[in-house]
Structure formats: structure tokens, C-alpha cells
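Novice:
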Amino acid sequence: MKKVITYGTFDLLHHGHVSLLARAKALGDYLIVGVTSENYDRERGKLNVRNRLLDRVRDVQATGLADEIIIEEYEGQKIDDIQRHGVEIFAIGSDWTGKFDYLGEYCRVVYLERTRDISSTMIRDETCRVLSLGIIGSGRIAHRFIPESKYVSGVDVVGVYNPRLSSAGAFRDRHALRFATDRLDDLLARVDAVYIASPHPAHVAHARAALLAGKHVLCEKPLALTAAAVEELYALAGERGVVLLEAVKTAYCPGFKHLVSLLKSGAIGQVRDVSASFTKLVEGRPRELSPEQAGGSVTELGSYVLLPAIKLLGVNYLHTSFHACYDDAGVDLFTRGLLEYPTATASFKVGLGVKTEGSLVVSGTRGYAYVPAPWWKTEYFELRHEDLNDVKKYFYKFDGDGLRYELDEFLRLIHGGRLLHSYLFTPVESIAIARLIELFRAGEHTTRIH
Ligand code: CTP
Numbered sequence: 344m345k346k347v348i349t350y351g352t353f354d355l356l357h358h359g360h361v362s363l364l365a366r367a368k369a370l371g372d373y374l375i376v377g378v379t380s381e382n383y384d385r386e387r388g389k390l391n392v393r394n395r396l397l398d399r400v401r402d403v404q405a406t407g408l409a410d411e412i413i414i415e416e417y418e419g420q421k422i423d424d425i426q427r428h429g430v431e432i433f434a435i436g437s438d439w440t441g442k443f444d445y446l447g448e449y450c451r452v453v454y455l456e457r458t459r460d461i462s463s464t465m466i467r468d469e470t471c472r473v474l475s476l477g478i479i480g481s482g483r484i485a486h487r488f489i490p491e492s493k494y495v496s497g498v499d500v501v502g503v504y505n506p507r508l509s510s511a512g513a514f515r516d517r518h519a520l521r522f523a524t525d526r527l528d529d530l531l532a533r534v535d536a537v538y539i540a541s542p543h544p545a546h547v548a549h550a551r552a553a554l555l556a557g558k559h560v561l562c563e564k565p566l567a568l569t570a571a572a573v574e575e576l577y578a579l580a581g582e583r584g585v586v587l588l589e590a591v592k593t594a595y596c597p598g599f600k601h602l603v604s605l606l607k608s609g610a611i612g613q614v615r616d617v618s619a620s621f622t623k624l625v626e627g628r629p630r631e632l633s634p635e636q637a638g639g640s641v642t643e644l645g646s647y648v649l650l651p652a653i654k655l656l657g658v659n660y661l662h663t664s665f666h667a668c669y670d671d672a673g674v675d676l677f678t679r680g681l682l683e684y685p686t687a688t689a690s691f692k693v694g695l696g697v698k699t700e701g702s703l704v705v706s707g708t709r710g711y712a713y714v715p716a717p718w719w720k721t722e723y724f725e726l727r728h729e730d731l732n733d734v735k736k737y738f739y740k741f742d743g744d745g746l747r748y749e750l751d752e753f754l755r756l757i758h759g760g761r762l763l764h765s766y767l768f769t770p771v772e773s774i775a776i777a778r779l780i781e782l783f784r785a786g787e788h789t790t791r792i793h
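Under our numbering, the sequence shown has 440 at position 97, and the numbering climbs by one with no breaks.
(1) I'd like the list of long-range same chain contacts for E772, defined as Cβ closer than 6 Å, with 5 residues on each side in sequence excluded.
(2) If the criterion is Cβ atoms closer than 7 Å, does the pair S765 and E749 meet it?
(3) Report yes if the C-beta distance between T352 and V392 is below 7 Å; otherwise report no.
(4) Hey, is the segment 699-715 in contact with the segment 614-623, meaning 3+ C-beta pairs nearer than 8 Å?
(5) Report the CB separation of L364 from A409 in whole angstroms; it is logged as a contact under 8 Å.
(6) Whose C-beta lies closer than 8 Å to the C-beta of P544 among residues of the same chain, with five residues either side of it excluded?
(7) Determine whether the beta carbon atoms of R521 and V501 lie at a separation below 7 Å.
(8) Which of helix, strand or coil does DSSP assign to A540?
(9) If we ignore side chains and look at the alpha-carbon of each, how far apart do L602 and L682 end up?
(10) Entirely within the segment 577-624 and at least 3 residues each: give me those beta strand (DSSP E) ranges in chain order.
(11) So does the segment 656-664 actually touch the segment 711-720, counting three or more Cβ pairs closer than 8 Å?
(12) Just mark T379 as buried or exposed, buried being the case when its beta carbon has 16 or more other beta carbons within 10 Å.
(13) Sort Y445, A667, P490, V498 by Cα distance to T470 and report the nearest one.
(14) Pull up the CB-CB distance for G436 and R457, whole angstroms please, since I reckon it's below 8 Å.
(15) Can you give me the Cβ contacts of F691 inside the same chain, cut-off strictly under 6 Å, excluding the 5 residues immediately before and after it?
(16) Which word fits D734, buried or exposed, when buried means at least 16 other C-beta atoms lie within 10 angstroms of its C-beta?
(17) Excluding the 5 residues preceding and the 5 following K698 in the sequence, name in chain order all residues of the same chain whose CB lies nearer than 6 Å to its CB.
(18) Using 6 Å as the cut-off, classify the Cβ of I484 as near or not near the heavy atoms of the ligand CTP, replying yes or no.
(19) Would you mind listing the beta strand (DSSP E) stretches within the segment 411-449 that are 3+ residues and don't spill past its ends, in chain order?
(20) Round the Cβ separation of D670 and G696 to the nearest angstrom and send it over; I've been treating them as touching at under 8 Å.
(21) Given this structure, state the Cα-to-Cα distance separating G480 from R427, to the nearest angstrom.
(22) So, are the CB atoms of L726 and F488 less than 7 Å apart?
(23) What are the boundary residues of the beta strand (DSSP E) that V473 is part of?
(24) From R401 to I375, what does the alpha carbon distance come to, in whole angstroms?
(25) When you compare only the Cα positions, how much space is there between K389 and T464?
(26) Count the C-beta pairs between the segment 775-786 and the segment 555-572 that are closer than 8 Å, then say yes if the count reaches three, no if not.
(27) Tell me, please, which residues DSSP counts as bridged to D675.
(28) Helix, strand or coil: how does DSSP classify V495 here?
(29) Contact check, A667 vs R791 under 8 Å by CB: the rounded distance?
(30) Where does K654 sit, in a helix, a strand or coil, going by DSSP?
(31) Can the beta-carbon of A434 be found closer than 7 Å to that of A367?
(32) Just to check, is the beta-carbon of H360 closer than 6 Å to a non-hydrogen atom of the ligand CTP?
(33) To the nearest angstrom, how far is it from the Cα of G377 to the Cα of M344?
(34) Quick one, are the C-beta atoms of E305 and L396 less than 7 Å apart?
(35) Kindly indicate which residue of S462, R387, T440 has the alpha-carbon position closest to the one of V361.
Structure (C-alpha cells):
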């Protein structure tokens, strides 16, 4: 029996796929089809797949062409599959010509002519109304957002708003956007959703205006500087039936997501302490150190370091205290914080003028999780135990600047049409973090260090 193998995502199965499968089958007597798993697709940066794995397998099965269907879960699996199944021919579409020549060591490699003018991407774009998105603000993070948005399908960044038209215009030209405007109502009238990347103190007014106009909002952190303002915004989003998501990128990346699930499942026993640090040295007088722009280590980095504490220990802490040192303008350059829970503690260090190891350590009754710097771009972590040899290592992808993950989640919520909130970072968690930032800024629980 001559076995043939082929692989693909087979999203929104189309006649190009069927033709490929038929020709692959005709090369031998037995066709094995490898369908990519969701994890594998996400790992290789393919974030736009619409159908779930089970549906894609069912669709391939329904063609009646596959004698066997397997799941492709990791890079390098093809070599294993070919040898394990005794495959004689590896067949794939001509868009991959040359890419799989290395498999020639194990079997014959055949590139089959790709069917013209059809692809899953085309169908996705045709069937799903592409969301037009406007950017509010044109600073550093907004620049980083544009290339990241190209990795997520179903969204088109069309315009930018900045009260200074020259800045908006320069941004539009640099990123080839359709329009730039210095009027917020103009931007809101021309988009379905906004990404807010304006200075911190402007977030609330911008988010409120967008929500009132019925637009979905993805807002940079901190969403607001008071818990009441954050509550008001989520309530407004609920009333208008639109999505409001705070862009704390770590919450949505694959590695951090899995870390939280593992630890919540008891992988290190009961969590007794969470300790996170994030510092970055900034030079001159950038936005991060500007009192007018609500600069400071806590407003800038607090959302990151508080995230693991709030996700793992919840929002019901009993006490909180902070120790901070300030510059002459009254901006905190370094802050150490402590949250006391009934059966656990959480501590953090954030700094803009002090540097320290940027790790995350979660201590439990049976072991601990160690996530090395930069833990907020979670690519790797270890679960360690009393026995030094008992170490489990976990590896993940964190592509680019990671903004693609929050945008992907934002679109998933919008297109899913059922949930307005992400379980990866809930309004309750977002409000709790805002409350802590507010408490710190009020100064009552803060000791000044000199
Ligand atoms: N294929 C083909 N003709 C097409 C589209 C796909 O022959 N018009 C082949 C691919 O070359 C591959 C298999 O079908 O061998 C599965 O491809 P897949 O990547 O799942 O399909 P695409 O439509 O190319 O998906 P996307 O647009 O998401 O890249």
C-alpha cells in the first residue's frame, strides 16, 4: 500500500482544499491528512483561523478523501509522522514549493499546483465584515500597534486622531492610513472600534466618548486612574452592548494564560505568595516621568505587576501598603508594594529610575513557579519543587511586541458576539487594579523613602 500524507489548517474548507486532497490521494492508495491544532497555529503566528479544530477535522472527513486524519501539534512533527506511518509521498500545495525539500530524506516530496483565486484568507475577508479601527493618539505605542495589527485578520486600521493635526498627519503618512483628524467626533463617525493610546489622563474621556458613540474600545493601560472611572466605563460599555478591553498585553499572551491555568489547577499546591518586578530605566524627561501625564512607576508598570497577584489570589486582599521614592517633581521612581490576603501575600517592585531583576515568582505549598525576565512577555517558565531534579520547563511563543494577542482577543469578543468581557482579564480584575493604583496615588498607604 502506497501511503501519501498532506497537511493544512483547512479552515473554512473550500474547493482548493478538496482539489488538493483529491490529487494527493490519487498519488497513492491511502491518504493521511494532518490538520493543525489550535495551539500549533497560534504558536506559528497564525491567529486568524476561524473554525475550531473539531470542525476542521469534520470538514476534511466529509470530503471522503482522507483515509486517516491526524492532528499536527508541533514543529518537526512531519518527520516523525512520515517515519511512524511508513509514508512514501509527502504532498503539499505549490505555495510551499521548496519549503519541504528537507523531507526528501524520508520520502518523495510532491508539490501540487495550487488552485488559483481561492484561499481561506479570502473567504474570511469576504464573509466577515472587516472591522475598521481608528487610533486615538499617535505616540510610541500607537506606532508599535500598526505592524502588530497586520498579524490579526478581520481588522483594518483606517485612521488616526490627535488634537495636533500635524502629528496625526505624520502618523497617517508613515503608516499609509486613509485619514488623520484633529476631531474626535470625526474619527468616531468613521470607525467601528478604537484603540486608545493617548496619554494616561486622557483615557477616560476618550473611552467614554467612544463608548457613547457605540464603538468598541481597546484601551491602553491604565484604563483610568480611579476605580470609579473604570466601573463607569464598563457599565457604559454594557449599556451600549459594545466591547471594552484593557490592553494589558501579558494577560492575553499564550504563556501567561497557561501559567495562570496551571497554578489555578494546583500545580504548586496552594499559592501563598506572588512576587513580581518590572523596572525600566528611562532617560531625560519622557512621558513616563511627566507629572502632567500621570507618569510614575506605578501608573506606568503597576498594571503588569499587579496582574499575577490579582489573577492568582483574587481581589479580596485585606491590607495594602507601599514604599516609594519620588523625584523632585513628585513622580515615583521606584515603588515597592505589599498586598496581604487572608492566607497569602503578594508583593511587587516597579521602577523607572531603579533597576532590578524582572522576574515573577509564585510560591506554593508544593513548589514554586519561576518566570525569568521579561516575565511580562511570557516565553518560558519553570515549576520547581523541593527535589532540585523535579523541574518542569514550559516554553511558549511571544511574537513581536505582543500587542497582537490583545487585539486578537478584542476581535474574538466582537466577532463572537456573545461575550462582552474576556475571562483572561475581567472587569472585576481591571477595577481592582485601578483601585490599587488609586490607593497608591492617594498616598495614605504609602511610606516615602529617600
Ligand atoms: N491549497 C490549494 N489551493 C488553494 C488553497 C490551498 O491547493 N487555493 C492547499 C495548500 O497549498 C495546502 C492545503 O491546501 O496544501 C491546505 O492549505 P491551507 O493553508 O489550510 O489553506 P489556505 O486557503 O491557503 O489558508 P490560508 O488562507 O489561511 O493560508
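Here a beta-carbon is modelled for each residue, glycine too, at the ideal position from N, C-alpha and C.
Specialist: From the atom records:
(1) The residue given as residue 772 occupies position 429 in the sequence shown. Counting only Cβ-Cβ distances below 6 Å, and skipping sequence neighbours, we find I653.
(2) Residue 765 sits at position 422 when you count from the first residue of the sequence shown. Residue 749 sits at position 406 when you count from the first residue of the sequence shown. No, the pair does not count as a contact, with Cβ atoms beyond the cut-off.
(3) In the sequence shown, counting from the first residue as 1, residue 352 sits at position 9. In the sequence shown, counting from the first residue as 1, residue 392 sits at position 49. The Cβ-Cβ distance between T352 and V392 falls below 7 Å.
(4) Taking a contact to require three or more Cβ pairs closer than 8 Å, the segment 699-715 and the segment 614-623 qualify as touching.
(5) Your numbering for residue 364 matches position 21 in the sequence shown. Your numbering for residue 409 matches position 66 in the sequence shown. Rounded to the nearest angstrom, the Cβ distance from L364 to A409 is 7 Å, consistent with a contact under 8 Å.
(6) Counting from one through the sequence shown, the residue named residue 544 turns up at place 201. Here the set comprises L568, E635, Q636, A637.
(7) Residue 521 sits at position 178 when you count from the first residue of the sequence shown. Residue 501 sits at position 158 when you count from the first residue of the sequence shown. Contact: yes.
(8) Here residue 540 refers to the residue found at position 197 of the sequence shown. Coil, per DSSP.
(9) Here residue 602 corresponds to residue number 259 of the sequence shown, with the count starting at 1. Here residue 682 corresponds to residue number 339 of the sequence shown, with the count starting at 1. If you take the alpha carbons of L602 and L682, they lie about 21 Å apart.
(10) Those beta strand (DSSP E) runs which fall completely within the segment 577-624 and span 3+ residues are 587-590, 614-622.
(11) No, the segment 656-664 does not touch the segment 711-720.
(12) Counting from one through the sequence shown, the residue named residue 379 turns up at place 36. Of the residues assessed, T379 falls on the buried side of the cut-off, its CB having 16 or more other CB atoms within 10 angstroms.
(13) Here residue 470 is taken as the residue at index 127 of the sequence shown, counted from 1. Closest by alpha carbon: V498.
(14) Position 93 of the sequence shown, counted from the start, is the residue given in the question as residue 436. Position 114 of the sequence shown, counted from the start, is the residue given in the question as residue 457. Cβ atoms of G436 and R457 come within 8 Å of each other, at about 4 Å.
(15) By one-based count along the sequence shown, residue 691 stands at place 348. Cβ-Cβ distances below 6 Å link F691 to A619, V648, G680 in the same chain, with the five nearest sequence neighbours on each side left out; the list follows chain order.
(16) Locating residue 734 in the sequence shown gives position 391, counting from the first residue. First, the residue type needs correcting, since residue 734 is Val and not Asp in the sequence shown. Counting the other CB atoms within 10 Å of its CB gives V734 a total below 16, which places it among the exposed residues.
(17) For the purposes of this step, residue 698 is identified with residue 355 of the sequence shown, where counting begins at 1. Excluding sequence neighbours, K698 sits near T622, L624.
(18) Here residue 484 refers to the residue found at position 141 of the sequence shown. The nearest non-hydrogen atom of the ligand CTP is 6 Å or more from the C-beta of I484.
(19) Runs found: 411-415, 432-436.
(20) Your numbering for residue 670 matches position 327 in the sequence shown. Your numbering for residue 696 matches position 353 in the sequence shown. So it is a contact: roughly 7 Å between Cβ atoms.
(21) Start at 1 with the first residue of the sequence shown, and residue 480 comes out as number 137. Start at 1 with the first residue of the sequence shown, and residue 427 comes out as number 84. CA-CA distance, G480 to R427, rounds to 54 Å.
(22) Taking the first residue of the sequence shown as position 1, residue 726 is located at position 383. Taking the first residue of the sequence shown as position 1, residue 488 is located at position 145. Cβ atoms of L726 and F488: not closer than 7 Å.
(23) The count along the sequence shown starts at 1 and reaches residue 473 at position 130. The continuous stretches of beta strand (DSSP E) do not include V473, and DSSP gives it neither H nor E.
(24) The residue you call residue 401 lines up with position 58 of the sequence shown. The residue you call residue 375 lines up with position 32 of the sequence shown. A straight-line Cα-Cα distance of about 14 Å links R401 and I375.
(25) The count along the sequence shown starts at 1 and reaches residue 389 at position 46. The count along the sequence shown starts at 1 and reaches residue 464 at position 121. Linking K389 to T464 through their CA atoms gives a straight-line distance of about 11 Å.
(26) Contact check between the segment 775-786 and the segment 555-572: three or more CB pairs, one atom from each, fall below 8 Å, which counts as touching.
(27) Against the sequence shown, residue 675 aligns to sequence position 332. Residue pairing by DSSP puts D675 in a beta bridge opposite Y669.
(28) Locating residue 495 in the sequence shown gives position 152, counting from the first residue. Here V495 sits in coil by DSSP.
(29) Counted from its first residue, the sequence shown places residue 667 at position 324. Counted from its first residue, the sequence shown places residue 791 at position 448. R791 and A667 do touch by the CB rule: their CB atoms are close to 7 Å apart, below 8 Å.
(30) On the sequence shown, position 311 is the one that residue 654 refers to. Residue state, collapsed to three classes: helix.
(31) The count along the sequence shown starts at 1 and reaches residue 434 at position 91. The count along the sequence shown starts at 1 and reaches residue 367 at position 24. Using a Cβ distance threshold of 7 Å, A434 and A367 count as a contacting pair.
(32) Taking the first residue of the sequence shown as 1, we reach residue 360 at position 17. Yes, the ligand CTP has a heavy atom inside 6 Å of this Cβ.
(33) By 1-based counting over the sequence shown, the position of residue 377 is 34. By 1-based counting over the sequence shown, the position of residue 344 is 1. Answer to the nearest angstrom: the Cα atoms are 19 Å apart.
(34) Residue 305 falls outside the range modelled here, since the chain spans only 344 to 793, and no answer is possible.
(35) Residue numbering aside, residue 361 sits at position 18 when the sequence shown is read from its first letter. Of the candidates S462, R387, T440, the one whose C-alpha sits nearest the C-alpha of V361 is S462.
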